[in-house]
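Going by the working numbering, the first residue of the sequence shown is number 1, and it counts up by one from there. Even glycine gets a Cβ: it sits at the ideal position worked out from N, Cα and C. Since this is a predicted model, take the numbers as computed values, not measurements.
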Amino acid sequence: MRKMLMSIGGSGVAMGAVIGLYLAVAEVPLVSTAHAEETPKVSPVLARPRDTYYPNTEDLAKDEMRVIACGTGMPTTRAAQAAACFLVELGNGDKFIFDIGSGSAERLSSLQIPYDYLDKIFIGHLHGDHFGSLGELFIGGGLMGRHKPLQIWGPTGPTPELGTAYAVDKMVEMYTWDLAGRAGLVDFRGFKVDVHEFDYKAENAVIYEENGVTIRSFPAIHSIDGPVSFTLEWNGLKFVFGSDTYPNTWFLEYAKDADLVIHECFVAVPDIVSKLGFTPESALLVGTQIHTAPEAFGKVMSAIKPRMAIAYHFFKDWDTTAQVHDRIRKTYDGPLSLADDFMVWNVTKDDIRVRMAVVEEETWSPPAASPAEPPKDADKVQFSKDTGVPSDAMVYSDFIKGGSWDGVDEVLRGVYKEASEALGKEFKYPEK
Ligand SMILES: [Zn+2]
Ligand SMILES: [Zn+2]
Numbered sequence: 001m002r003k004m005l006m007s008i009g010g011s012g013v014a015m016g017a018v019i020g021l022y023l024a025v026a027e028v029p030l031v032s033t034a035h036a037e038e039t040p041k042v043s044p045v046l047a048r049p050r051d052t053y054y055p056n057t058e059d060l061a062k063d064e065m066r067v068i069a070c071g072t073g074m075p076t077t078r079a080a081q082a083a084a085c086f087l088v089e090l091g092n093g094d095k096f097i098f099d100i101g102s103g104s105a106e107r108l109s110s111l112q113i114p115y116d117y118l119d120k121i122f123i124g125h126l127h128g129d130h131f132g133s134l135g136e137l138f139i140g141g142g143l144m145g146r147h148k149p150l151q152i153w154g155p156t157g158p159t160p161e162l163g164t165a166y167a168v169d170k171m172v173e174m175y176t177w178d179l180a181g182r183a184g185l186v187d188f189r190g191f192k193v194d195v196h197e198f199d200y201k202a203e204n205a206v207i208y209e210e211n212g213v214t215i216r217s218f219p220a221i222h223s224i225d226g227p228v229s230f231t232l233e234w235n236g237l238k239f240v241f242g243s244d245t246y247p248n249t250w251f252l253e254y255a256k257d258a259d260l261v262i263h264e265c266f267v268a269v270p271d272i273v274s275k276l277g278f279t280p281e282s283a284l285l286v287g288t289q290i291h292t293a294p295e296a297f298g299k300v301m302s303a304i305k306p307r308m309a310i311a312y313h314f315f316k317d318w319d320t321t322a323q324v325h326d327r328i329r330k331t332y333d334g335p336l337s338l339a340d341d342f343m344v345w346n347v348t349k350d351d352i353r354v355r356m357a358v359v360e361e362e363t364w365s366p367p368a369a370s371p372a373e374p375p376k377d378a379d380k381v382q383f384s385k386d387t388g389v390p391s392d393a394m395v396y397s398d399f400i401k402g403g404s405w406d407g408v409d410e411v412l413r414g415v416y417k418e419a420s421e422a423l424g425k426e427f428k429y430p431e432k
């Protein structure tokens, strides 16, 4: 709620950002923060439409694109902002995740979208703040209703070890114990990944084409060779996601004519020194050469003129937002969103509606889009006396088994009995 107030212009917002918001609305009639057809009928008893997005309460129109920021911050995550992650939802039913930075899996869970639908991830580069939550979505999503392998697209690197396939392979390897400990206990179909690695040097190359959606990749300039940016085109709408990059000519060329353009915009150099504690030398290098400074972000957007420019990758606080905004406005006067987590853009050919989402924090699993399958031989897993366990589960050693306390046997048998009676089906208690 606090975040919504800050962004829509309530108490606590920096003056510059408020002025910017008014300017954006006043100068560009195609960009609105309120829908004309939702002009509220004022009444003491009738509910009025609110300019807030409540996940899982609005249908997506056939020709509509909805983009939700699920991470807009920095490598050091904090409660207020996760790191890079943007969800794109299309009226044809497709959903795509662009980057999955640290902390963003929690944001995705707040949207209450069945995990079967969150199975396509495009990673722009392999810094932790752009794929640090991949493992959480892999494990948590698999457990909470994704009944198919996670599909991951990402670039090669200058060597195989610097590519996406290597990173994902090692991540899965890191989860060796986790996966071994789940096999045979739950529906295991989601605990797999398919990596689609593509050439980081490819220029505007198609890396995904299905169901009327075309996603292309082109090189970015950031840290070392490997990073890329993406465009997504569908139904006459074009979305661009920059991941991290120094301003580059590929972006100027391929992001042209886009509706929504997301490009990094780093913390202003004075704040890198005062807030992040960098030396001025490092601040200048990181803030202007490795990343895109706000003034440079403005230049990029002035060159490509999107229907909506979206700046992210800075801590959006009361005392940093105005700095970033004022510096962008030195070089760009078009439509602008300074992104914060849970900012939402509804895009059609006629309108771009910008709102903040108010989300549920105490979420459980959303409804499964496909039914879960029970584990094979559920009554024989784990404590089975059979040595050749007829399931994928691993068994405890005699040593560990020997430590289990039979004092709870009776109450647990009761739980099995209760389930059998409630569901009219016999569930056999695993004998030890
Ligand atoms: Zn980076
Ligand atoms: Zn980054």
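Worksheet item: Do you know offhand how far G132's Cα is from G71's?
Response: Rounded to whole angstroms, G132 to G71 spans 11 Å at the Cα level.
Discussion item. Can you tell me whether A419 is helix, strand or coil according to DSSP?
Written reply: Annotated three-state conformation of A419 is helix, per DSSP.
Practice prompt. Compute the Euclidean distance between the alpha carbons of G226 and R216, then round it to the nearest angstrom.
Written response: One Cα belongs to G226, the other to R216, and the distance between them is close to 15 Å.
Worksheet item: Looking at the structure shown, is G93 part of a helix, part of a strand, or coil, going by DSSP?
Response: G93: coil per DSSP, three-state reduction.
Worksheet item: Are the region 199-207 and the region 153-160 touching by the rule of at least three beta carbon pairs closer than 8 Å?
Response: With a cut-off of 8 Å on Cβ pairs, the region 199-207 is in contact with the region 153-160, counting three or more such pairs.
Item to complete: Specify which residues have a beta carbon nearer than 6 Å to any heavy atom of ligand 2, listing them in chain order.
Response: This criterion selects A84, H127, D129, H130, D244, H313.
Practice prompt. For Y54, count neighbouring C-beta atoms within 10 Å of its own C-beta (all shown protein chains included) and say buried if the count is 16 or more, exposed if not.
Written response: Flag for Y54 reads exposed.
Discussion item. For ligand 1, I want to know if S223 counts as a neighbour, meaning its beta carbon is within less than 7 Å of at least one of the ligand's heavy atoms.
Written reply: Flag set: Cβ of S223 near ligand 1.
Worksheet item: So, is M174 buried or exposed, given that buried needs 16 or more other C-beta atoms within 10 angstroms?
Response: Counting Cβ neighbours within 10 Å, M174 comes out exposed, since fewer than 16 surround it.
Worksheet item: Looking at A357 and I68, is the spacing between their C-beta atoms short of 8 Å?
Response: Yes, they are a contact pair.
Item to complete: In the DSSP assignment, find the beta strand (DSSP E) that holds Q151 and state where it starts and stops.
Response: Per DSSP, Q151 belongs to the beta strand (DSSP E) from 150-155.
Worksheet item: Buried or exposed: which applies to N204, given that a residue is buried once 16 or more other Cβ atoms fall within 10 Å of its Cβ?
Response: Its Cβ having fewer than 16 others within 10 Å, N204 is exposed.
Discussion item. Using DSSP's beta-bridge definition, name the partner residues of G71.
Written reply: C85, per the DSSP bridge assignment.
Worksheet item: If you draw a straight line from the alpha carbon of V168 to that of F138, how long is it in whole angstroms?
Response: If you take the alpha carbons of V168 and F138, they lie about 10 Å apart.
Discussion item. Which same chain residues end up closer than 8 Å to G212 when comparing Cβ atoms and leaving out the 5 residues on each side of it in sequence?
Written reply: Excluding positions up to five away in sequence, the list reads N92, W234, N235.
Worksheet item: Buried or exposed: where does A311 fall if 16 or more other Cβ atoms within 10 Å of its Cβ makes it buried?
Response: Burial check for A311: the Cβ neighbour count within 10 Å reaches 16 or more, so the residue is buried.
Discussion item. Quick check on the DSSP output: the alpha helix (DSSP H) that includes L338 runs from which residue to which?
Written reply: First-last for L338: 336-338, but that is the beta strand (DSSP E), not the alpha helix (DSSP H).
Worksheet item: Is it a yes or a no for the region 281-292 touching the region 250-259, going by three-plus beta-carbon pairs under 8 Å?
Response: Cβ pair count under 8 Å is below three, so no.
Fill in: Per DSSP, the bridge partner or partners of W345
V67, V354, per the DSSP bridge assignment.
Item to complete: Check whether the region 182-193 touches the region 82-100, counting contact only when three or more Cβ pairs, one atom from each stretch, lie closer than 8 Å.
Response: Result no; under three Cβ-Cβ pairs closer than 8 Å.
Discussion item. At the level of alpha carbons, what is the spacing between A26 and G101?
Written reply: The predicted model places A26 with a pLDDT of 39, which falls under 50 and marks its position as unreliable; any figure quoted below should be read in that light. Roughly 34 Å separates the two Cα atoms.
Practice prompt. For K201, name the three-state secondary structure that DSSP assigns.
Written response: Annotated three-state conformation of K201 is coil, per DSSP.
Worksheet item: Name the DSSP beta bridge partners of A309, please?
Response: For A309, DSSP records a beta bridge to V261, L336.
Worksheet entry | Rounded straight-line distance, which links the Cα of E136 to that of T292 | Rounded to whole angstroms, the separation of the alpha carbons of E136 and T292 is 29 Å.
Worksheet item: With a cut-off of 8 Å, does the C-beta of G242 fall near any C-beta of chain C?
Response: Here chain C cannot be found, since the structure has a single protein chain.
Item to complete: Name the two residues that bound the continuous beta strand (DSSP E) containing T231.
Response: It spans 228-234 - the beta strand (DSSP E) in which T231 sits, taken as one unbroken run.
Fill in: Three-state secondary structure assigned by DSSP to L237
L237: strand per DSSP, three-state reduction.
Worksheet item: Roughly how many angstroms lie between the CA atoms of I123 and D99, to the nearest whole one?
Response: Cα to Cα, the separation comes out at about 5 Å.
Fill in: Reduced DSSP secondary structure (H/G/I, E/B, other) of K299
Here DSSP, grouped into helix, strand and coil, assigns K299 to helix.
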